[in-house]
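Throughout the sequence shown, residue numbering follows the UniProt record's numbering, covering 1 to 152 in sequence. Using N, Cα and C, we set each Cβ at its ideal position, and we do this for glycine too. Everything numeric in this text was worked out from a predicted model, so none of it was measured.
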Amino acid sequence: MSSARDLSNLTLAHEIIVNRDFHVEQPHLPQNSLEKQVKDIVHKAFWDGLESELNDDPPEYEHTIKLLEEIREILLSFLSPGANRLRTQILEVLDMDLIRQQADKEAVDIHGLASYIIAIMGKLCAPCSTSILLLLFWRVSSEKGRMFMKCY
Numbered sequence: 001m002s003s004a005r006d007l008s009n010l011t012l013a014h015e016i017i018v019n020r021d022f023h024v025e026q027p028h029l030p031q032n033s034l035e036k037q038v039k040d041i042v043h044k045a046f047w048d049g050l051e052s053e054l055n056d057d058p059p060e061y062e063h064t065i066k067l068l069e070e071i072r073e074i075l076l077s078f079l080s081p082g083a084n085r086l087r088t089q090i091l092e093v094l095d096m097d098l099i100r101q102q103a104d105k106e107a108v109d110i111h112g113l114a115s116y117i118i119a120i121m122g123k124l125c126a127p128c129s130t131s132i133l134l135l136l137f138w139r140v141s142s143e144k145g146r147m148f149m150k151c152y
């Protein structure tokens with residue numbers, strides 16, 4: 001099973017490299033389909049719940065920390081074996097023990113962490129994704145993308 005997945009991944013990677021026009025399209029669900037409605041409701045409930053926890057007084061960071069852990073693991077999974085410096089940097093910035101300590105003292109810099117994650121995504125993603133990442137960065141940053149642009 002693992003060999004078949006690896007072969008599929010290699011085939012996909014080869015296609016991405018040699019075919020300049022290659023792209024993956026998200027499936028378009030009909031607007032009034034049950035699947036789209038359920039997807040939209042679940043998506044909204046997730047983000048509304050996260051926002052509500054962060055807006056609580058005092059803020060609740062449990063789900064945010066779990067999400068940051070998942071993001072950290074995804075970012076690390078994208079790195080090549082020789083990317084030790086970037087791996088170390090990601091592990092230092094997304095140090096879950098430190099973030100938990102900051103959460104206990106209500107000192108977590110959510111915007112800073114989000115900006116860092118988007119900047120790292122910019123380093124790992126294809127150049128065609130830059131505009132999407134820039135929009136994300138503008139959305140979470142009060143500096144309107146200055147830090148993001150320093151990455152390039």
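| Check | Outcome |
| --- | --- |
| Residues near GLN102 by beta carbon distance below 6 Å, same chain, minus five either side | VAL108 |
| Residues of its chain near ASN32, where Cβ-Cβ distance is below 7 Å and the 5 sequence neighbours each way are ignored | none |
| Contact set for PRO58: own chain, Cβ-Cβ below 8 Å, skip 5 residues either direction | GLU106 |
| GLY49, buried or exposed, once every other Cβ within 10 Å from all chains shown has been counted against 16 | exposed |
| In chain order, each alpha helix (DSSP H) run of at least 4 residues that lies wholly inside the region 61–99 | 62–77 and 84–93 |
| Closer than 6 Å: HIS28 CB and nearest the ligand FAD heavy atom | Ligands displayed in this structure: none; no statement on the ligand FAD is therefore possible. |
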